[in-house]
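Counted the way the UniProt record's numbering counts, the sequence shown spans residues 1 to 276.
By construction, the Cβ of each residue, glycine as well, lies at the ideal position given by its N, Cα and C atoms.
Single-structure report; data block below.
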Amino acid sequence: MGTSDPVSDLAIAKEASGSDPVVPGTEFTYELTVTNNGPSTAHDVQITDVLPSHLRFEGAEYTVTVPSAEGEGDTVTVDSGTCEGANEYGATVSCLLATVEIDQTVTVTVEVHLNPEYTGDGSDIVNRAEVWPEETDQDPIHSNNTTTAGVPGGETARPQADLSIEKVHTLPGDEIIPGETFNVTLTVTNDGPSTANGVVVIDELTAELRAASATMTDGQTCDIGRPWNPPRTPLRRRLKPQWNTLPAPRIMAPDAHAGPTAPTDPTLMYRVATNG
Numbered sequence: 001m002g003t004s005d006p007v008s009d010l011a012i013a014k015e016a017s018g019s020d021p022v023v024p025g026t027e028f029t030y031e032l033t034v035t036n037n038g039p040s041t042a043h044d045v046q047i048t049d050v051l052p053s054h055l056r057f058e059g060a061e062y063t064v065t066v067p068s069a070e071g072e073g074d075t076v077t078v079d080s081g082t083c084e085g086a087n088e089y090g091a092t093v094s095c096l097l098a099t100v101e102i103d104q105t106v107t108v109t110v111e112v113h114l115n116p117e118y119t120g121d122g123s124d125i126v127n128r129a130e131v132w133p134e135e136t137d138q139d140p141i142h143s144n145n146t147t148t149a150g151v152p153g154g155e156t157a158r159p160q161a162d163l164s165i166e167k168v169h170t171l172p173g174d175e176i177i178p179g180e181t182f183n184v185t186l187t188v189t190n191d192g193p194s195t196a197n198g199v200v201v202i203d204e205l206t207a208e209l210r211a212a213s214a215t216m217t218d219g220q221t222c223d224i225g226r227p228w229n230p231p232r233t234p235l236r237r238r239l240k241p242q243w244n245t246l247p248a249p250r251i252m253a254p255d256a257h258a259g260p261t262a263p264t265d266p267t268l269m270y271r272v273a274t275n276g
């Protein structure tokens with residue numbers, strides 16, 4: 001009399017860790033729990049987590065535990081490892097285990113990064129995970145092989161951006177003679193975590209000065225007001241955290257990121273003339 005193929009009822013559950021809404025540009029984790037309801041050992045178990053397009057994969061680890069003989073509720077770790085996936089938005093995370101015994105629990109912790117440009121409420125962020133043995137027909141119940149989860153607290157927080165500004169005057173000499181011009185450079189930094197939209201930079205000039213011209217390092221234009229009587233110099237733009245696409249000669253990087261590969265900040269330079 002022959003033996004039948006092994007049958008293993010694998011089940012998966014998933015939840016987002018924490019209850020506080022996530023700010024765009026920050027990280028949070030998902031916890032996946034896989035159990036084997038038997039009656040046989042499951043072989044070549046594949047756990048897959050498909051991230052939505054707004055989430056970037058940062059890393060994942062798994063642990064395999066069994067109940068401890070020391071006391072009720074205690075567990076002992078019998079195996080651990082890392083899962084694979086590309087460090088990109090919408091990545092597929094994969095964990096492969098050789099076996100999962102009936103009394104074992106597999107816990108997978110997946111760390112993700114919420115896109116700093118995300119402006120939704122989180123309702124469109126749905127993360128789907130599934131678990132299967134080597135042969136899907138070895139699992140008699142398919143309804144518990146997939147699960148989904150949203151974001152912590154069920155919604156995301158409003159974007160937050162820490163903006164700062166630095167101003168530098170470049171004078172032609174030790175002093176300014178009426179009628180001469182000099183340069184003023186404004187450097188705006190977004191330390192995140194979210195992308196800042198509709199940023200307005202205003203530099204109010206005194207009555208003795210007028211803005212002769214204004215340029216930005218990315219080629220955008222600025223409104224310098226009426227000639228000889230500009231009440232202020234506004235700049236409207238969209239600023240990502242550690243914005244890094246400007247030409248090097250006009251870059252002023254934050255001290256914390258100084259270096260040849262440092263993230264760069266948009267710079268506004270304009271010439272100021274004194275009334276002569």
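Alpha carbon of residue i to alpha carbon of residue j, nearest angstrom
| i | j | result |
| --- | --- | --- |
| residue 111 | residue 142 | 27 Å |
| residue 8 | residue 66 | 17 Å |
| residue 176 | residue 183 | 12 Å |
| residue 68 | residue 109 | 22 Å |
| residue 104 | residue 74 | 13 Å |
| residue 78 | residue 35 | 14 Å |
| residue 54 | residue 44 | 30 Å |
| residue 180 | residue 223 | 22 Å |
| residue 102 | residue 139 | 13 Å |
Burial state of residue i (16 or more Cβ within 10 Å)
| i | result |
| --- | --- |
| residue 202 | exposed |
| residue 255 | Because the pLDDT at residue 255 is just 28, under 50, the model does not fix this residue reliably, and the point stays unresolved. |
| residue 24 | buried |
| residue 16 | buried |
| residue 192 | buried |
| residue 200 | exposed |
| residue 56 | buried |
| residue 133 | buried |
| residue 85 | buried |
| residue 20 | exposed |
is_contact[residue i, chain C] using C-beta, thresh 8 Å
| i | result |
| --- | --- |
| residue 215 | Checking the listed chains, one finds no chain C in this structure; it contains a single protein chain. |
Cβ-Cβ separation, residue j to residue i (assumed contact under 8 Å), whole Å
| i | j | result |
| --- | --- | --- |
| residue 116 | residue 195 | 5 Å |
| residue 152 | residue 28 | 6 Å |
| residue 154 | residue 122 | 7 Å |
Limits of the beta strand (DSSP E) - the one that residue i falls within
| i | result |
| --- | --- |
| residue 113 | 105 to 114 |
| residue 62 | 55 to 67 |
| residue 81 | 75 to 82 |
| residue 43 | 42 to 50 |
| residue 95 | 92 to 100 |
| residue 163 | 161 to 170 |
Beta-carbon gap between residue i and residue j smaller than 8 Å
| i | j | result |
| --- | --- | --- |
| residue 63 | residue 80 | yes |
| residue 93 | residue 42 | no |
| residue 277 | residue 33 | With the chain represented from 1 up to 276, any question about residue 277 goes unanswered, as that position is not in the structure. |
| residue 37 | residue 11 | yes |
| residue 205 | residue 214 | no |
| residue 52 | residue 126 | yes |
| residue 46 | residue 96 | yes |
| residue 161 | residue 147 | no |
| residue 157 | residue 30 | no |
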